[in-house]
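See structure below.
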Amino acid sequence: MHTILEIKNIDVSYKQQKVLENGSLTLKESTLTALLGRNGSGKSTLLNTISGFLKPTKGEILVSGVNIYKSNPATRARLISYLESTPLSPQNISVKELVAFGRYPYLDLFTSLSESDLTIIHSALFQCGLSQFSDRFFNELSDGEKQKVFIARAIAQNTPLIILDEPTSHLDFIARREIINLLKTLCLKENKTIFFSSHEPELCVELADRFVVTANHTFSEVNKTEVLKTLINS
Amino acid sequence: MRTSKKYIVTGLFLILLIILLSCELMLGSVYIPAQNVFSVLTNNEHQNEVWNTIILQSRLPRALGAIIAGASLSVSGLLMQVLFRNPLASPYILGISSGAGLGVALITLGSVGIGFTFVPNGLSLVASAMLGALLVFSIVFFISLKVKDVMTLLIAGVLIGSIANAVVNIIQLHASALAVKTFVLWTLASLDQLEMTDIKLLYIICPLTLIGSFLLSKQLNALLMGEKYARSVGVNILLSRILIILFSGILAASITAFCGPIGFIGIMVPHIVRIIFRTNHHKLLILFSVLIGSCTLLAADLMAHYFITSVSLPINAITALIGIPVILWLLLGKKDISKTI
């Protein structure tokens, strides 16, 4: 299996304060990895760093072998899709139009969506069970459905790595399970590498393949059996 | 709105545009029948000389001016609303009109202070407004390159506009009554002074900038979801921001220089478009803003000349009197307008 994400000895500071020190991590193709940790332990900071929003002060991050802080925004957007924890919910935009945003890294100034783009968009909607919603207005959907739309957008972006910052917050317990199950399916069927943060260790232990915990100004991988213990002791 | 319905509404607005344009050319202090308007426009000989002059030197430049100014201000306002995610943003939010006002104030009012009286003509008004607008615009543009948060820029723009206004107030205090009247008339905006040479210039600058804005549609769409999100789909935020400010500034400054600070169109039209077409896809928003903006300003100018034929009413009074009830009616029907952008 290919290595998709390679974090080599990074230090990350946020507003002049060191948040993470000397962290390393390697993620392979088709794995669903959960990022756990207390509030303020640096989960979002780590995901922002991987996604290209916050340059590490030391070390480097490679996605599919490409150093993301040495590549342009368009190249990065073809390697990493990122889902915010509290995304905006604009009115007057249909589900299909929003998912189509995922194709933007592949369009230049003068081109608009081609037939193959539309096929990719429809297939992304189908995979997330949203086919019947495609012409609905996005802001009229429930929170769970909205999250699926964002995931469909990430699928349409067609990147090897998908990063999600707390994709299950604000959702009811059935929707949470649906979302994580959907992510799991994407890992298995589409060979995606998915890295998401969460505050639900039980759900993650049940469904994720690998576990990373942020604590004591660094992050490291832990075994399934040690997840809860590490969290409690952190 | 369904696609077929969009085509029908677009068609209706196109017809409305043609009707308004014909009315603008036919109606006024002198009624000129349609076939005569047509023959003047198609350069037919043996025409009434007076009609020739009225149409070619007064009504045609005004009509063409209304179309391009309506279109440009609407798109300029739309760009500002997206950039600042603020439904109240207008083409003048970054101080363009205050800067133009400062330029005009200096030339109409300020000359008294340095010991001579300068009677401004059309060209000097345009030039001073343009210079004033460019001065404020360059300052704001320079700030936009430095700041990270777009809200800082919004506040800076408002503050710099206020400085320009403060200087205008001081100048006004020392100016003659006649000079103050000239200045006040300029602030009320008008299309009457437009000449064909102005129109030619506007029809080069504005359409190019409108095309530029249209090509930014994808970036504008992505910005709907916030800057971070836009970056994650590969949008170069800094470049997009610079282009949005540049295009909006060019549109607002060139129209303000030639016509004065035409109000309300830039705020009102993007909302009307969003409410009628229920879309936030910027390709459509820009196209419809051009169309409906042209119609709105044409209609306003028609009213400015039709009701009282002896004197033309100020455009800003008309856009406010007619436009505000319309926009209020549309707004009151919406539950959560703050989320429409």
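Keeping their order, the protein sequence lines are chains A and B.
Just so we're aligned, residue 1 is where the first sequence starts under my numbering, counting upward by one.
Just so we're aligned, residue 1 is where the second sequence starts under my numbering, counting upward by one.
Don't be surprised by glycine CBs; every beta carbon is placed ideally from N, CA and C.
DSSP places Asn165 of chain B in the uninterrupted alpha helix (DSSP H) bounded by 150 to 173. Around Ala222 of chain B, the beta-carbon contacts reaching into chain A at under 7 Å are Phe101, Tyr104. Of all residues in the stretch 210 to 234 of chain B, only Leu215, Lys218, Asn221, Ala222, Leu224, Met225, Gly226, Lys228, Tyr229, Arg231, Ser232, Val233, Gly234 come within less than 7 Å of chain A when Cβ atoms are compared, listed by chain position. Put simply, the backbone Cα of Pro201 of chain A is about 18 Å away from that of Ile163 of chain A. Contacts with chain B (Cβ-Cβ distance below 7 Å) from the stretch 116 to 133 of chain A involve no residue at all.
For Gln91 of chain A, the closest Cβ of chain B is nearer than 8 Å. For the 8 Å CB-CB criterion, Ala34 of chain A and Phe150 of chain A do not form a contact. Ile245 of chain B is positioned such that its CB atom lies no closer than 8 Å to that of Ala69 of chain B. According to the DSSP secondary-structure assignment, Arg210 of chain A is paired through a beta bridge with A:Thr33. In its chain, beyond the 5 residues on either side, Leu25, Ile32, Val37, Val40, Leu41 have a beta carbon closer than 8 Å to the beta carbon of Ile55 of chain B.
Between the stretch 2 to 14 of chain B and the stretch 56 to 72 of chain A there are fewer than three C-beta pairs closer than 8 Å, too few to call the two in contact.
At least one CB of chain B lies nearer than 8 Å to the CB of Arg76 of chain A. Here the stretch 107 to 116 of chain A does not lie against the stretch 124 to 138 of chain A, with fewer than 3 beta-carbon pairs under 8 Å apart. Per DSSP, Glu60 of chain A is one residue of the beta strand (DSSP E) stretching across 58 to 63. Among the residues of chain A, those whose CB is under 7 Å from the CB of Thr279 of chain B are Asn92, following chain order.
Around the Cβ of Leu46 of chain A, a 10 Å sphere holds 16 or more other Cβ atoms; the residue is buried.
For Asn236 of chain B, the chain A residues whose Cβ falls inside 9 Å of its Cβ are Asn72, Pro73, Ala74, in order along the chain.
The continuous alpha helix (DSSP H) containing Tyr306 of chain B extends over residues 282 to 306. For Asn22 of chain A, the enclosing beta strand (DSSP E) begins and ends at 17 to 28. Per DSSP, the unbroken alpha helix (DSSP H) holding Ile15 of chain B starts and ends at 3 to 26. By alpha-carbon distance to Arg62 of chain B, the top candidate from B:Trp186, B:Ala300, B:Val269 is B:Ala300. Chain-ordered, the chain A residues with CB closer than 7 Å to the CB of Arg274 of chain B read Asn92.
For the stretch 186 to 259 of chain B, the continuous alpha helix (DSSP H) assignments of 4+ residues that do not extend past its boundaries occur at 196 to 215, 217 to 223, 227 to 232, 237 to 259, in sequence order. Between Ile180 of chain A and Leu203 of chain A, the CB-CB gap stays under 8 Å.
Here the alpha carbons of Ile10 of chain A and Leu202 of chain B stand approximately 54 Å from one another. Burial is judged here by how many other beta carbons sit within 10 angstroms of a residue's own beta carbon; Lys189 of chain A has fewer than 16 and is exposed. In this structure, Arg59 of chain B sits near Gly28 of chain B, with a CB-CB distance shorter than 8 Å. A direct Cα-Cα distance of roughly 8 Å separates Ala77 of chain A from Gln157 of chain A. By the C-beta density criterion, Asp143 of chain A is exposed, having fewer than 16 other C-beta atoms within 10 angstroms. Of all residues in the stretch 153 to 165 of chain A, only Gln157 place a beta-carbon less than 8 Å from a beta-carbon of chain B. Put simply, the CB of Tyr69 of chain A is far from chain B, with every gap to its CB atoms at 8 Å or more. Distance from the CA atom of Leu284 of chain B to the CA atom of Ile255 of chain B, rounded to whole angstroms, is 23 Å.
Assignment of beta-bridge partners to Val66 of chain A by DSSP yields A:Val63.
For secondary structure counted as the alpha helix (DSSP H) over 4 or more consecutive residues, the stretch 39 to 104 of chain B holds these complete runs in sequence order: 49 to 53, 60 to 84.
In this structure, the beta-carbon distance from Ala230 of chain B to Ser76 of chain B does not fall below 8 Å.
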